[in-house]
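This report refers to the structure that appears directly beneath it.
2 protein chains.
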Amino acid sequence: MRAVQSVQTKDTQDSAHFGDDESNLTVRQKAETRFWLQVLNVNKLIYGDLNSALNDRFGLSVAKFDVLAQLFRYPDGVSMGELSKNLKVSNGNVSGLVTRLRKDGLVDRQVTETDRRSFRASLTEKGRKVFDEANKLHRQVVSTKLQSVPMSDIDAVTSGLKAMSMKTKDAFEEEEEI
Amino acid sequence: MRAVQSVQTKDTQDSAHFGDDESNLTVRQKAETRFWLQVLNVNKLIYGDLNSALNDRFGLSVAKFDVLAQLFRYPDGVSMGELSKNLKVSNGNVSGLVTRLRKDGLVDRQVTETDRRSFRASLTEKGRKVFDEANKLHRQVVSTKLQSVPMSDIDAVTSGLKAMSMKTKDAFEEEEEI
DNA sequence: ATGAATAAATTTATATGTAAAATAGGTCAA
DNA sequence: TTGACCTATTTTACATATAAATTTATTCAT
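First to last, the sequence lines map onto chains A and B. Heads up, the first sequence is in the UniProt record's numbering, so the first residue is 1 and it goes up one at a time. Heads up, the second sequence is in the UniProt record's numbering, so the first residue is 1 and it goes up one at a time.
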């Protein structure tokens with residue numbers, strides 16, 4: 001894989017291993033910051049449009065859409081705790097979202113016979129229909145935002161991001177006490 | 001650049017140009033969705049850590065940090081409207097953030113002689129010091145999250161994202177009426 | 001100069017998000 | 001069985017975010 005390259009006295013290629021001199025660290029840190037700012041930027045660009053499109057046409061926020069998407073995947077219903085874990089948001093957050101979605105008539109709840117503390121949320125008929133349409137719009141918004149980006153670029157960035165999120169899992173975990 | 005590759009009957013390489021058959025469209029849409037999910041994922045992974053680290057050590061949210069960063073760049077102060085535009089958040093949001101940052105003793109306000117509706121927010125001495133330390137922590141958290149990612153990957157993804165955010169500007173703008 | 005339109009900032013109402021406390025139901029050892 | 005502990009969910013208090021209404025100040029045409 002190593003490309004043809006002239007001899008270098010310094011390892012500027014694979015500076016994943018630190019302990020380099022300070023100027024080199026700064027170069028890497030700048031790259032990291034640029035990366036992070038771009039992630040924030042792209043996130044905001046797409047998220048904003050998604051949110052307004054869903055809201056304008058279905059009265060849905062992205063948060064509500066995400067709940068519907070989960071429930072759509074599990075026709076037998078999902079407990080509050082499972083929802084919270086799957087969506088990676090707090091229990092209290094899920095509580096509120098489901099309450100509001102029930103008020104919207106998109107979600108229903110069934111008691112769990114074996115455990116009266118718990119219940120399962122599931123889509124109503126209306127919820128299924130709305131999600132189906134909203135899902136199309138969701139895809140359409142993302143497609144439109146990315147319309148002039150070649151698929152090879154999309155795939156390249158996706159794999160880069162995926163690699164990062166795997167390598168990134170639980171970094172910073174050794175910093176318990178400070 | 002084109003790598004050695006066997007002859008292909010279909011153009012699965014550069015499908016930036018649409019009008020393909022439906023199965024191809026679906027392939028692209030799946031790629032787009034994967035991309036978007038990865039952006040969300042990486043965003044959440046880094047944002048969460050940043051927020052807790054800043055909060056634990058400086059009582060700062062990322063939102064407050066962003067305000068401080070703006071004010072740091074403009075020692076003469078920034079008006080509420082400018083802050084709102086620079087940070088791409090609503091006016092009311094900035095109002096609340098600055099109110100709370102003043103309560104924290106990190107931000108101050110100066111009246112504008114020429115326009116009594118307006119004023120400029122700026123960092124206090126304490127604000128400057130706190131931001132300086134918080135900024136170091138910010139860089140450190142990002143660095144730690146990305147510590148096992150080679151810089152070449154970071155740069156590659158950054159340029160990919162940058163290209164996207166440029167091509168992405170104001171797409172979906174022609175959909176006024178539905 | 002005065003009144004209408006504009007502009008800067010705040011307030012209000014509401015949604016989303018968290019962490020921590022509270023509620024209420026389950027489990028299990030003695 | 002009963003008391004101690006665990007678990008599922010909700011509630012509370014708060015921060016962050018928006019859109020829309022409001023307040024206060026400026027501007028500008030007449």
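Cβ atoms here follow ideal geometry from the backbone N, Cα and C, with glycine treated the same way.
A straight line joining the alpha-carbon of residue 135 of chain B with that of residue 153 of chain B spans about 24 Å. The criterion of a C-beta distance shorter than 7 Å is satisfied by residue 127 of chain A and residue 107 of chain A.
In this structure, residue 45 of chain B lies away from residue 84 of chain A, with their beta-carbon atoms at least 7 Å apart. The beta-carbon of residue 160 of chain B is placed less than 7 Å from the nearest beta-carbon of chain A. The three-state reading of DSSP puts residue 87 of chain B in helix, counting H, G and I together. Annotated as distal: residue 149 of chain A and residue 53 of chain A, with beta-carbon spacing of 7 Å or more. Beta-bridge partners assigned by DSSP to residue 110 of chain A: A:120.
For the options B:77, B:64, B:155 and B:36, the alpha carbon positioned closest to that of residue 93 of chain B is the one of B:64. Rounded to whole angstroms, the gap between the alpha carbons of residue 43 of chain B and residue 157 of chain B is 14 Å. Under the Cβ distance rule, residue 43 of chain A counts among the residues neighbouring chain B, one pair being separated by less than 7 Å.
Beta-bridge pairing by DSSP links residue 42 of chain A to no other residue. In the three-state reduction of the DSSP assignment, residue 78 of chain A falls in the strand class, which pools E and B. Around residue 118 of chain B, the same chain offers 79, 80, 81 and 112 as residues with beta carbons nearer than 8 Å, after the five sequence neighbours per side are excluded. Contact residues of the segment 132-150 of chain B toward chain A are 139, 141, 142, 143, 144, 145, 146, 147, 148, 149 and 150 (C-beta to C-beta distance below 8 Å). For residue 88 of chain B, the C-beta contacts it makes with chain A under 8 Å involve 44, in order along the chain. From the listed residues B:48, B:36 and B:90, the smallest Cα separation to residue 67 of chain B is found for B:90. Between residue 121 of chain B and residue 77 of chain B, the C-beta spacing is below 7 Å.
Residue 49 of chain A carries a helical assignment under DSSP once its states are collapsed to helix, strand and coil. Rounded to whole angstroms, the gap between the alpha carbons of residue 27 of chain B and residue 39 of chain B is 19 Å.
Scanning chain B for C-beta atoms nearer than 8 Å to the C-beta of residue 119 of chain A yields nothing, as the closest lies near 27 Å away.
Sequence-distant partners of residue 137 of chain B (beyond 5 residues in either direction) whose C-beta falls short of 7 Å from its own C-beta, in its chain, are 53, 54 and 57. Annotation: the continuous alpha helix (DSSP H) that includes residue 127 of chain A extends over 125-145. The C-alpha of residue 61 of chain B is placed about 31 Å away from the C-alpha of residue 167 of chain B. One thing to note: residue 139 of chain B has its Cβ within 7 Å of the Cβ of residue 29 of chain A. Looking from the CA of residue 59 of chain B, the closest CA among B:146, B:130 and B:163 belongs to B:130.
Residue 159 of chain A and residue 102 of chain B have their C-alpha atoms spaced approximately 43 Å apart. At a cut-off of 7 Å between beta carbons, residue 165 of chain B contacts chain A. A straight line joining the alpha-carbon of residue 88 of chain B with that of residue 72 of chain A spans about 33 Å. Contact of residue 32 of chain B with chain A by beta-carbon distance below 8 Å involves 139, 142, 143, 146 and 154. Cβ-Cβ separation between residue 105 of chain A and residue 124 of chain A: approximately 6 Å, consistent with a contact (criterion under 8 Å).
Counting only the Cα atoms, residue 98 of chain B lies some 30 Å from residue 41 of chain B. Between residue 39 of chain B and chain A, the shortest Cβ-Cβ separation is below 7 Å. Contact residues of the segment 63-74 of chain A toward chain B are absent (C-beta to C-beta distance below 9 Å).
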